[in-house]
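Residue numbers (the working numbering): 125 to 192. Beta carbons are placed, not taken as given, at the ideal position from N, Cα and C, and that holds for glycine. Report on the structure given below.
Shown next, in the form of structure tokens:
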């Protein structure tokens with residue numbers, strides 16, 4: 125149900141932003157109509173890619189599936 129997302133999306137659009145970053149209990153869960161990835165360097169200098177876990181609040185995305 126995307127109904128509750130319409131007003132927040134319009135508010136951020138009026139501020140010049142393209143998407144809403146949705147949080148739940150201090151966790152990033154999704155971005156309106158795209159996938160989100162965080163890229164970190166680990167302690168040994170290697171690259172780690174993180175994305176929200178697929179749970180009840182997160183829909184699987186094609187881009188997410190392709191990258192992971």
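Query: Of the residues 152, 175 and 133, the one placed nearest residue 164, counting alpha carbons only; Result: 175
Query: Beta-carbon proximity list for residue 146, same chain, < 6 Å, skipping 5 on both sides; Result: 153 and 154
Query: Any non-hydrogen atom of the ligand COA closer than 7 Å to residue 156 Cβ; Result: The model on display carries no ligand, and the ligand COA is accordingly not part of it.
Query: Classification of residue 138 by the beta-carbon crowding that lies within 10 angstroms, buried from 16 upward; Result: exposed
Query: Neighbourhood of residue 158 by C-beta, 7 Å cutoff - its chain only, sequence neighbours within 5 removed; Result: 143
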